[in-house]
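These protein sequence lines are chains X and Z, in that order. Under our numbering, the letters of the first sequence match residues -4 to 305, in that order. Under our numbering, the letters of the second sequence match residues -4 to 305, in that order.
There are 2 protein chains.
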Amino acid sequence: MIPSFSDIEIAHNKIKNQIHKTPILTSTIINEICGCVLYFKCENLQKTGSFKIRGATNSILNLSEEDRHRGVVAHSSGNHAQALAYAAKQNNVKAYIVMPNNAPKVKINAVKDYGAEIIFCEPNINAREEETNKIIEKYGSKIIHPFNYFDTIAGQGTCAKEVFEEFNDLDFLVTPIGGGGLMSGSLISRNTLNPKCKVFGVEPEEVDDAYRSLNSGRIEINLTTNTICDGLLTNLGELTFEIIKNNIDGILLVNDFEVRKAQTLIIQRMKIVVEPSSATVFAAVIKNKEIFKNKKVGLIITGGNIDINL
Amino acid sequence: MIPSFSDIEIAHNKIKNQIHKTPILTSTIINEICGCVLYFKCENLQKTGSFKIRGATNSILNLSEEDRHRGVVAHSSGNHAQALAYAAKQNNVKAYIVMPNNAPKVKINAVKDYGAEIIFCEPNINAREEETNKIIEKYGSKIIHPFNYFDTIAGQGTCAKEVFEEFNDLDFLVTPIGGGGLMSGSLISRNTLNPKCKVFGVEPEEVDDAYRSLNSGRIEINLTTNTICDGLLTNLGELTFEIIKNNIDGILLVNDFEVRKAQTLIIQRMKIVVEPSSATVFAAVIKNKEIFKNKKVGLIITGGNIDINL
């Protein structure tokens, strides 16, 4: 079932007290570089360092009483793992996170700090799913999907809702596409709050499954994972593909060189820490100046979970 | 002459449209680490990457018509240089910035980008002052002091004003002390908006001139500049010392090891780029947990102008 805008409103009321209303930042210098007016919605400054806390919190708050007692499970080494661990802890629900045994220590520690139980597995999809199924069999825990899930999409939609409520005259909203949860929620919020605003997705050139899926009309899978954008490696799900193919205005592609340049510019000029996946949207604007010329453009900066060397 | 709170209000109305109202961020994890509730006033996200734009813009906007035509001059390799260059450009005033010829390229480029004319000099105080005097003689330009100046102090006071207007129940406000301009303005705002709030300054252990000045009752100079806090190397001025000695509640000292640890924690957990001088305030809270236990504490994060290696 596809969430409606009123599902996003309900989600927003539920999660409001457990998330930050993140700031929307602007920069004169950055605008001069791009030739348009950019509004950076800073989900990197969100709790757990990414927008994923929105969908995770909504999913936790919608558990039945029985599910609450049995806990939740997810396999992820990324931002969803941290978000689910944190949201579960805030609401006294047990979280099991299946992580590959080669996951970066900083991510393992973050999930541990948030109080989740980590189950390590070999770093491949089969092992991940096997360990996840073991948890489900053993504890009856509910799996919380990072994107292809009603409550997740409704939660992610609250981010674009905040953008449109603060700036109702945007010409464009640009967000990265991984599994498509954030994009799906953004499209639903756009349709109600600012139907004239065009919504573009951005993908790394080598992980362009959503771009190819729109062209072929069916869910395409990624042939490589050769990109620094570690948050965008997944394919679309059936639910997110359905929403995206019927509503999106286009997908732009960027390469890793462009992403790194954009990421560096944001960090140096805007003084915020952004992960490569987030910098894709700014890279796409720099690359396609003619599309955005003199327009008002919202960018969702999805996360900031990287290691920084001082 | 010492600015009153109404001078700060007048300054705020003048500069409002040329600066950001910077966000005040919070973090559950950071609060757990400290055992108190911290409010980070993010002047690192301010235009030119520091609070200095407040005083610089106010100084520029208060120039007489004659002074506007003759331009402004400052000797600085730090945040004041960038701020004055930017504020001057925004208001069509010529800025001359005297910088040591060994200043980091990134800072030289930033000042250039903001359109100021740079005059290089040998890296010592005599050479700086000599070059500055040459500019004053040649063009009649007005020198804009980075802290010991009425308009600068009134401008810097707008930062704490914004903090107190958003949170009127703070128990403490903590800010770094370099030349004392920000501290002076903060104290004046505190006296009117929240007289019960205690205001603490923070200095690096090896550059503790303000701490010693309060003890001795006269302006002490720094014996070393041996610290990573490059924004806090200056001594107090007569005007700022006068305000600080009559109003401040105390000065805390931190060492560079503590500062680097605090800086790393802020960058990793809060996803914002902060310079060492800014991290001093957080380091002081971590070091003095018993003072701040369970209290509401505002921290002014003064700037974010560092090189980051990705």
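Ideal Cβ positions, reconstructed from N, Cα and C, are used throughout, including at glycine. Every value quoted in this text rests on a predicted model; they were computed, and no experiment measured them.
Could you check what DSSP says for residue i in three-state terms: helix, strand or coil?
i: residue 15(X); result: coil
i: residue 167(X); result: strand
i: residue 81(Z); result: helix
i: residue 307(Z); result: One cannot answer for residue 307(Z) here, as it falls past the ends of chain Z, which runs -4 to 305.
i: residue 89(Z); result: coil
i: residue 74(Z); result: helix
i: residue 282(Z); result: helix
i: residue 158(X); result: helix
i: residue 172(X); result: coil
i: residue -3(X); result: coil
i: residue 262(X); result: helix
Of the choices the options, whose alpha-carbon is the least far from that of residue i?
i: residue 72(Z); options: 228(Z), 203(Z), 128(Z), 34(Z); result: 228(Z)
i: residue 1(X); options: 251(X), 43(X), 280(X), 184(X); result: 184(X)
i: residue 34(X); options: 75(X), 44(X), 166(X), 79(X); result: 166(X)
i: residue 268(Z); options: 87(X), 304(X), 97(X); result: 304(X)
i: residue 117(X); options: 96(X), 103(X), 135(X), 137(X); result: 96(X)
i: residue 297(X); options: 288(X), 274(X), 287(X); result: 274(X)
i: residue 182(X); options: 236(X), 102(X), 217(X); result: 236(X)
i: residue 309(Z); options: 25(Z), 231(Z), 272(Z); result: Here chain Z has residues from -4 to 305 only, and residue 309(Z) is not among them.
i: residue 241(Z); options: 247(Z), 248(Z), 233(Z); result: 233(Z)
i: residue 221(X); options: 250(X), 206(X), 246(X); result: 250(X)
i: residue 131(X); options: 193(X), -3(X), 92(X), 231(X); result: 92(X)
i: residue 7(Z); options: 199(Z), 124(Z), 53(Z); result: 53(Z)
i: residue 25(X); options: 285(X), 301(X), 262(X), 286(X); result: 262(X)
i: residue 231(X); options: 146(X), 77(X), 206(X), 225(X); result: 206(X)
i: residue 200(Z); options: 277(Z), 246(Z), 187(Z), 239(Z); result: 246(Z)
i: residue 77(Z); options: 58(Z), 56(Z), 113(Z); result: 113(Z)
i: residue 214(X); options: 180(X), 253(X), 173(X), 223(X); result: 173(X)
i: residue 223(X); options: 22(X), 137(X), 255(X); result: 255(X)
i: residue 67(Z); options: 141(Z), 171(Z), 212(Z); result: 141(Z)
i: residue 277(X); options: 266(X), 226(X), 253(X), 138(X); result: 253(X)
i: residue 195(X); options: 266(X), 175(X), 5(X); result: 175(X)
i: residue 102(X); options: 280(X), 226(X), 285(X), 282(X); result: 226(X)
i: residue 248(X); options: 155(X), 270(X), 279(X), 239(X); result: 279(X)
i: residue 4(X); options: 290(X), 218(X), 80(X), 153(X); result: 153(X)
i: residue 63(X); options: 86(X), 27(X), 216(X); result: 86(X)
Grab the span of the beta strand (DSSP E) containing residue i for me, first residue to last.
i: residue 10(X); result: Note, residue 10(X): premise wrong, no beta strand (DSSP E); alpha helix (DSSP H) at 0 to 10.
i: residue 291(Z); result: 291 to 296
Between residue i and chain B, is any beta-carbon pair separated by less than 9 Å?
i: residue 190(X); result: Among the protein chains of the structure shown, namely X and Z, there is no chain B.
At a CB distance below 7 Å, what residues from the region 76 to 104 of chain X approach chain Z? Give them in sequence order.
none
Tell me the start and end of each unbroken beta strand (DSSP E) in the region 174 to 259 of chain Z that is at least 3 residues and wholly inside, in chain order.
193 to 199, 245 to 249
Would you list, in chain order, the members of the region 240 to 267 of chain Z that have their beta-carbon closer than 9 Å to a beta-carbon of chain X?
255, 258, 259, 262, 263, 264, 265, 266, 267
Positions along the region 286 to 305 of chain X whose CB lies within less than 9 Å of some CB in chain Z:
298, 299, 300, 301, 302, 303, 304, 305
Can you list, in chain order, the residues of the region 103 to 124 of chain Z whose Cβ is nearer than 7 Å to any Cβ on chain X?
none
Selection of the region 170 to 183 of chain X by Cβ proximity to chain Z, strictly under 7 Å
none
Which parts of the region 14 to 71 of chain X are runs of the beta strand (DSSP E), unbroken and 3 residues or longer, counting only runs that do not cross its ends?
32 to 37, 67 to 70
Of all the alpha helix (DSSP H) runs that stay within the bounds of the region 92 to 135 of chain X, which reach a length of 4 or more residues?
100 to 108, 120 to 134
Looking at chain Z, which residues of the region 41 to 55 of chain X have a Cβ within less than 8 Å of any of its Cβ atoms?
42, 44
Select from the region 8 to 19 of chain X all residues with a C-beta closer than 7 Å to any C-beta belonging to chain Z, and list them in chain order.
18
Members of the region 218 to 238 of chain X that neighbour chain Z once the beta carbon cut-off is set at 7 Å:
none
Using a Cβ-Cβ cut-off of less than 9 Å, give me the residues of the region 137 to 170 of chain X that come near chain Z, in sequence order.
none
Identify each residue in the region 20 to 35 of chain Z for which the Cβ-Cβ distance to at least one residue of chain X is less than 9 Å, and report them in chain order.
20, 21, 22, 23, 24
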